[in-house]
Amino acid sequence: MKKSKSFHQFTPEEVWKWKAMENTFDHALNLHDYQEIRLSILQDHEVLHKGITALMAGREAEQVERRTINLCQPDGELSLLSLRPEGTISVLHHTAKNAQHGAINRYYYHGPMFRLDKDGRAMEFSQLGVELLGSDSILSENEIISLGMRILRELGFRDASLKLNSFGCESCRRKFFADVRTGLEQHAAEYCAPCLEELRANPFAETICEDERCRHRIPPSLSIEGYLCAKCRENFQRIKKIQANLGHRFRVDPLLFKNFAYYNETVFDFVIEQADGELTLGGGGRYDYLSSRITGRKIPAVGFYLDLDAIFRVMDARNLFRPVQKTFAVYLCAQSPEMEMMMLQIAQELHDEDIKTVLNTDIQDTEAEIKSARAHHCEIMISIREDNVRDGKLLLHNLVRDNQDYVQLNQLTQSVRMAQKTLRL
Ligand SMILES: [Zn+2]
Ligand SMILES: [Zn+2]
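Those letters in the sequence shown? Residues 259 to 683, by the working numbering.
Right under this line is the structure:
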């Protein structure tokens, strides 16, 4: 395995931003009655393998399997564990095991996922997954799409818009695939051999060949839109109408390529405009067939993912993270080692009152302490000196007002609270 360039390491300067982002989507998801589910990062290799083959057609499944990261035993023997490359399969298994017949379940999960990139390097990426299971009503598609749009808007993406398409049902696809095959045979000379094979298996495939003479895609005249059966066509019309009424900007993209074996009917992407072109922040669709293949039960399903790394990058570049409100803090310093116990007791007393403290465990002179307290953004500094303590008092520096005063040791918390009030913090 080649060396990875994309391990995650979140520094404290970034963590508050990740938390702000997570709080925003947690809030929106809770408003819609979605429950968080925490999935194991380690996955049973066999279960995953079965899921992926149910998820995708021949060659595509092979490609995805090649990109999962399987763990080895120390002796080099392949273990039966893989790192999770996605979350839908686990959520489906959970639902199949626990959901009552006819029940609607709304789940979400987020966290790191793992795959090998196209150059064989291990890659860790953060994803939010949202799944609505148990409803085949187009209201559930609209709920899912609107929820994704709401999350993006609440994160600050006023320019988020939708790309929509319908992949139809099994019955309206049959004619489409037959015509695709005929079309591909007629135009066979315009494709390279691997693309032709891939498109025969999956007309929606995104081929990665670099042959300039190759067409890469099925002829544009073969758009699935023209093949939709009456029910699929009507559903798609209603989705478009509802999304328009909800004020969501969208455009129909007949070339919206998703894995066809995975999705049916509605598929969508969430996109924004960047200086260097359109950027996809997530997407999803309905996946009733996948659900029944994996669960062996009829559990209609629709869901979406958001690419949290991309969202984080753009939010940061656009300055969308608002700093969290500063917490009032008290700096504590002892002027002799004998006073350290006293320092810990005072800290405990302040914590009981929900007051944040910063402790300095090195003995320094007052000037250095004040400098350090300011560097830690503390408003109050309390110096704990043996002679003061003996007299039952402590020196309290108000670093904002730049003054200092003795306060009674047994009234310390009240004095700190009083100082905090005058600072309106
Ligand atoms: Zn249909
Ligand atoms: Zn090609």
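Note that CB positions come from ideal geometry on N, CA and C, so glycine has one too.
Contact belief for residue i with residue j at Cβ below 8 Å, rounded distance in angstroms
i: Glu-412; j: Ala-575; result: Going by Cβ atoms, the distance from Glu-412 to Ala-575 rounds to 18 Å, so no, they are not a contact pair.
i: Glu-523; j: Asn-493; result: 6 Å
i: Val-438; j: Ile-476; result: 6 Å
i: Leu-390; j: Gly-561; result: 6 Å
i: Ile-482; j: Phe-434; result: 5 Å
Residue j beta carbon less than 8 Å from that of residue i
i: Pro-386; j: Phe-283; result: Here the sequence assigns Leu to residue 386, which means Pro is not the residue at that position. Cβ atoms of Leu-386 and Phe-283: closer than 8 Å.
i: Ile-613; j: Val-658; result: no
i: Leu-590; j: Ile-642; result: yes
i: Gly-392; j: Ala-361; result: yes
i: Gln-293; j: Arg-364; result: yes
i: His-655; j: Ala-587; result: no
i: Leu-350; j: Ser-549; result: yes
i: Thr-465; j: Cys-453; result: yes
i: Met-573; j: Gly-369; result: no
i: Asn-423; j: Asp-565; result: no
i: Ile-604; j: Ala-354; result: no
i: Arg-691; j: Leu-420; result: Lying before the first or after the last residue shown, residue 691 is absent from the chain, which here runs from 259 to 683.
i: Asn-661; j: Leu-653; result: no
i: Leu-608; j: Thr-619; result: no
i: Met-639; j: Glu-625; result: no
i: Asn-356; j: Ser-340; result: no
Which residues DSSP lists as bridging residue i, in chain order
i: Asp-565; result: Gln-385
i: Met-639; result: Tyr-589 and His-655
i: Asp-371; result: The residue you asked about is not Asp; residue 371 is Met in the sequence shown. DSSP output for Met-371 lists Phe-383 as bridge partner(s).
i: Val-510; result: Leu-422
i: Gln-662; result: His-655
For residue j and residue i, the rounded distance between their alpha carbons
i: Arg-458; j: Ile-569; result: 35 Å
i: Lys-489; j: Lys-277; result: 43 Å
i: Asn-460; j: Arg-296; result: 33 Å
i: Met-601; j: Lys-679; result: 23 Å
i: Glu-448; j: Cys-472; result: 6 Å
i: Gln-331; j: Leu-338; result: 9 Å
i: Gly-554; j: Ala-380; result: 33 Å
i: Glu-399; j: Phe-526; result: 10 Å
i: Tyr-547; j: Gly-484; result: 22 Å
i: Ile-621; j: Arg-342; result: 49 Å
i: Lys-269; j: Gln-606; result: Note on identity: in this sequence residue 269 is Thr, with Lys being the wrong assignment. Straight-line Cα distance between these residues: approximately 28 Å.
i: Arg-571; j: Lys-275; result: 11 Å
i: Thr-326; j: Ser-384; result: 15 Å
i: Val-665; j: Arg-416; result: 52 Å
i: Ile-396; j: Glu-470; result: 41 Å
i: Asp-663; j: Glu-271; result: 35 Å
i: Cys-467; j: Thr-538; result: 22 Å
i: Lys-651; j: Leu-667; result: 5 Å
i: Leu-405; j: Arg-544; result: 15 Å
i: Phe-579; j: Asn-281; result: 12 Å
i: Asp-375; j: Met-676; result: 57 Å
i: Gly-540; j: Gln-672; result: 51 Å
i: Met-407; j: Ala-418; result: 7 Å
i: Gly-334; j: Val-273; result: 36 Å
Close-in-space but distant-in-sequence residues of the same chain around residue i (CB under 6 Å, 5 per side omitted)
i: Glu-598; result: Ala-592
i: Arg-345; result: Per the sequence presented here, residue 345 reads as Gly, with Arg not at that position. Closer than 6 Å at Cβ, skipping near neighbours: Leu-297, Tyr-367 and Gly-387.
i: Thr-311; result: Ala-319
i: Ile-409; result: Phe-283 and Ala-286
i: Arg-373; result: Arg-325, Pro-343 and Met-381
Residues of its chain near residue i, where Cβ-Cβ distance is below 8 Å and the 5 sequence neighbours each way are ignored
i: Val-305; result: Ile-347 and His-351
i: Arg-632; result: Leu-657
i: Ser-429; result: Cys-487
Cutoff 7 Å; reference residue i; Cβ partners in own chain excluding five residues on either side
i: Leu-681; result: Glu-637 and Val-658
i: Asp-567; result: Phe-383 and Ser-384
i: Asp-291; result: Arg-364
Residue i beta carbon near ligand 3 (any heavy atom closer than 7 Å)
i: Ser-429; result: This structure simply doesn't include ligand 3; it includes ligand 1 and ligand 2 instead.
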